[in-house]
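In this text, residue positions in the sequence shown follow numbering that gives the first Met the number 0: the first is 0, and each later residue adds one.
Scroll down for the structure; my scribbles are underneath it.
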Amino acid sequence: MLSIRHIICAILLLIKGILTFVRESRNMSELERGIQALTQQMARTLLEAILEAMDQELMAKCEESLRLAGTRSRTILTLFGPLKIKRRFYRDAKIGKAVFLLEETLWAARFRPNFRQPHPDVPRDRP
0 MLSIRHIICA
10 ILLLIKGILT
20 FVRESRNMSE
30 LERGIQALTQ
40 QMARTLLEAI
50 LEAMDQELMA
60 KCEESLRLAG
70 TRSRTILTLF
80 GPLKIKRRFY
90 RDAKIGKAVF
100 LLEETLWAAR
110 FRPNFRQPHP
120 DVPRDRP
């Protein structure tokens, strides 16, 4: 997944950010909002890196019938903000179907079976 170096760097940046908010915040509310925004940003950054590393691993293990056709970007709305990832796009030579292994591995089976639907907590423009 992620290297220890990547994880340590993220933790050190988080600690540095928290210390900055502790020194510079004028009140507890400002401190809490700052730390919340910082942790959400850190969660997004780490999850983006983890998902892209998973996609790399899936490429190494994919079936021979799958041929890499390129990469596509996707933005996923989460409770901690928009998550921007690049994932690999494959063509299945047996059936001619387009496949995103990362999405099939994660969202289709484990997190939200209807992942193509908007997240229930994300406001919609339409009534």
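Cβ atoms here follow ideal geometry from the backbone N, Cα and C, with glycine treated the same way.
In this text, all values refer to a predicted model and were calculated from it rather than measured experimentally.
Nearest residue (CA-CA) to residue i, options the options
i, options, result
"L78", "Q39, K60 and K96", "Q39"
"L37", "G69, A52, L12 and Q55", "L12"
"R73", "E31, L30 and L101", "L101"
"A48", "L82, E103 and G95", "L82"
Pairwise C-alpha distance: residue j and residue i
i, j, result
"I84", "R66", "20 Å"
"I3", "L45", "12 Å"
"A42", "L50", "12 Å"
"A68", "G95", "12 Å"
"R25", "K15", "18 Å"
"S28", "V21", "11 Å"
"L105", "D54", "10 Å"
Beta-carbon proximity of residue i to residue j, cut-off 8 Å
i, j, result
"I34", "I17", "yes"
Classification of residue i by the beta-carbon crowding that lies within 10 angstroms, buried from 16 upward
i, result
"V98", "buried"
"L1", "exposed"
"L57", "buried"
task: Check whether the region 89–105 touches the region 60–76, taking contact to mean three or more Cβ pairs, one atom from each stretch, closer than 8 Å.
output: They touch, by the three-pair rule.
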